[in-house]
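Trainee: Once you've had a glance at the structure underneath, I'll fire off some questions.
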Amino acid sequence: MLIGKVTNLLSGAVISPIFRQIGIRLMSSQLVDGYNYETLKVIRPREYVLQVELDRPDKRNALSTTMWKEFVTCFQQISEDKDCRAVVISGSGKVFTAGIDLQCLAEIAMQTAELDAGRKAMTIRKVILAFQESFTVFEKCPKPVIAAVHGGCIGAGIDLITACDMRFCSKDAWFQIKEVDIGIAADVGTLQRLPKIIGNDSLARELAYTARPFYADEAKEIGLVSRVFPDKETMINGTLDIASLIASKSPIAVQGTKVNLIYSRDHSVPESLQYIANWNQVMLQSEDIVKAMTEKPPVFSKL
């Protein structure tokens with residue numbers, strides 16, 4: 085068994101430094117074949133890294149009906165892409181996203197105008213659940229997803245980034261849970277995910293009840309983002325560096341880590357310990373462990 089080989093190797097192994105120097109292969113910035121979307125641009129700027137860019141700069145990357153649908157299709161495709169191990173989400177133009185395109189709300193109103201109250205309610209519920217899936221698909225994607233935020237990140241933009249694994253931003257970034265200002269409660273994930281991310285229920289309520297904007301330094305202070313970069317270009321390059329580092333690791337280990345972190349967020353410590361034991365009783369037999377110990381740098385098989 086591979087686990088036995090690892091035991092033998094460990095007795096004489098010299099463990100590499102945690103931050104091992106890795107060779108980063110720059111890839112083409114051209115659109116990736118097969119990722120054909122109207123509102124999203126997908127490129128492969130680094131080996132095993134995809135960058136998904138919100139691509140409606142003339143509309144401040146407002147989330148249109150098409151974009152909501154394309155998120156699901158795109159990330160389902162990414163989940164099956166063996167040449168992708170990490171994903172960066174960014175926005176084109178001057179802002180990350182202005183939030184939901186109000187045309188979406190107008191379309192919903194038109195679709196339900198002639199329905200009775202019960203049917204109208206059921207139709208609206210289906211729309212909300214579909215919107216939720218557009219971001220939950222980031223969590224379902226086995227590859228880590230990193231949000232790189234510049235300029236404004238408003239309303240549904242907060243729903244979007246809180247579904248990501250990590251969040252970085254540029255110095256000019258600002259954030260706003262905008263929904264109460266347009267007469268609705270945020271319903272696509274912010275109220276469920278943000279309190280767990282920042283670990284401060286009182287502050288989460290303050291931001292959601294008041295819709296006050298907050299800026300990069302506060303976002304880092306409260307734990308919404310973990311890094312602040314001086315400008316967008318530096319942020320994109322820095323985020324791609326982190327994504328490349330992740331992509332250099334065992335995909336078995338990284339994807340298993342993501343699955344277990346999400347499980348642990350939603351379950352008790354005893355349940356989560358049982359879950360990781362069940363998970364690793366299989367995954368500890370992976371060839372990746374031997375490769376990590378013997379190859380410098382290790383080259384892991386596609387997953």
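Residue numbers for the sequence shown, in the numbering used here: 85 to 387.
A virtual CB, placed ideally from N, CA and C, is assigned to each residue, including glycine.
In or out: LEU138 buried (at least 16 other Cβ within 10 Å) or exposed?
Mentor: Buried: at least 16 other Cβ atoms inside 10 Å.
Trainee: Determine the DSSP secondary structure at GLN161, reduced to helix, strand or coil.
Mentor: Of the three classes helix, strand and coil, the one that applies to GLN161 here is helix, per DSSP.
Trainee: With a threshold of 7 Å on Cβ separation, who are the neighbours of GLU263 within its own chain once the five nearest residues in sequence on each side are excluded?
Mentor: Taken in chain order, the residues that qualify are GLY239, ALA269 and ALA270.
Trainee: Tell me whether the beta-carbon of LEU324 lies closer than 8 Å to the beta-carbon of ARG130.
Mentor: Yes. Within cutoff.
Trainee: Would you check if the segment 165 to 181 and the segment 211 to 229 touch, i.e. whether three or more CB-CB distances between them fall below 8 Å?
Mentor: Taking 8 Å as the limit for Cβ pairs, the verdict is that the segment 165 to 181 does touch the segment 211 to 229.
Trainee: Can you list, in chain order, the residues of its chain whose CB lies under 7 Å from that of GLU191, leaving out five sequence neighbours each side?
Mentor: For GLU191, where only same-chain residues beyond five positions count, the Cβ hits under 7 Å are THR149.
Trainee: Comparing C-alpha positions only, which one of SER334, PRO381 and TYR299 sits nearest to GLN369?
Mentor: Checked all of SER334, PRO381 and TYR299; the closest Cα to GLN369 is SER334.
Trainee: Distance, Cα to Cα, SER385 vs ALA197?
Mentor: Straight-line Cα distance between these residues: approximately 54 Å.
Trainee: Helix or strand or just coil, what does DSSP make of GLN114?
Mentor: Coil.
Trainee: Would DSSP call SER254 helix, strand or coil?
Mentor: Strand at SER254.
Trainee: Cα separation between GLY273 and ASP350?
Mentor: Each residue's alpha carbon lies about 14 Å from the other.
Trainee: Tell me, please, which residues DSSP counts as bridged to CYS237.
Mentor: Note: CYS237 sits in a beta bridge opposite THR181 and PHE259.
Trainee: Under the three-state reduction of DSSP, which class applies to ILE268: helix, strand or coil?
Mentor: In the structure shown, ILE268 sits in coil (DSSP, three-state: anything other than H, G, I, E or B).
Trainee: Within the continuous alpha helix (DSSP H) that includes GLY322, where are the two ends?
Mentor: GLY322 -> alpha helix (DSSP H) spans 316 to 331.
Trainee: For the beta strand (DSSP E) that contains PHE313, what are its first and last residues?
Mentor: Note, PHE313: beta strand (DSSP E), 311 to 313.
Trainee: Would you give the residue range spanned by the alpha helix (DSSP H) that ALA146 belongs to?
Mentor: Neither: ALA146 is in no alpha helix (DSSP H) and is coded neither H nor E.
Trainee: So, with DSSP's three-state summary, where would you put GLN105?
Mentor: Below a pLDDT of 50, predicted positions are generally treated as unreliable, and GLN105, at 46, falls in that range; the measurement from the model is reported next regardless. Note: GLN105 maps to coil in three-state DSSP.
Trainee: Using 8 Å for Cβ pairs, my map puts ALA295 next to ASP265. What's the rounded Cβ distance?
Mentor: Correct: roughly 5 Å between the Cβ atoms.
Trainee: Sort out for me which residues DSSP pairs GLN135 with in a bridge.
Mentor: Answer is ILE127 and VAL172.
Trainee: Residues bridged to PHE155 by DSSP?
Mentor: Paired residues: none, contrary to the question.
Trainee: Alpha carbon to alpha carbon, how far is PRO101 from ALA300?
Mentor: For PRO101, the predicted model reports a pLDDT of 38, less than 50, meaning its position is unreliable; a value from the coordinates is still stated below. Rounded to whole angstroms, PRO101 to ALA300 spans 31 Å at the Cα level.
Trainee: Excluding sequence positions up to five away, which residues of its chain have a Cβ less than 8 Å from the Cβ of ARG144?
Mentor: Hits under 8 Å: GLY177, LYS178, VAL179, THR181, ALA182 and GLY236.
Trainee: Are CYS253 and ALA292 close, meaning C-beta to C-beta below 8 Å?
Mentor: Taking 8 Å as the Cβ cut-off, CYS253 and ALA292 do not qualify as a contacting pair.
Trainee: Anyone know if the C-beta pair for GLY222 and PHE159 falls short of 8 Å?
Mentor: One detail in the question is off: residue 222 reads as Phe in this sequence, not Gly. Contact: yes.
Trainee: Please report how far the alpha carbon of VAL211 lies from the alpha carbon of SER352, in whole angstroms.
Mentor: Rounded to the nearest angstrom, the two C-alpha atoms are 32 Å apart.
Trainee: For a quick check, are the C-beta atoms of ILE281 and LEU244 less than 8 Å apart?
Mentor: Going by C-beta atoms, ILE281 is not nearer than 8 Å to LEU244.
Trainee: If you draw a straight line from the C-alpha of GLN365 to the C-alpha of TYR359, how long is it?
Mentor: The straight-line gap from Cα to Cα measures roughly 10 Å.
Trainee: CYS188: which of LEU199, ILE208, SER348 and ALA201 sits nearest, CA to CA?
Mentor: When each option's Cα is compared against that of CYS188, the closest is ILE208.
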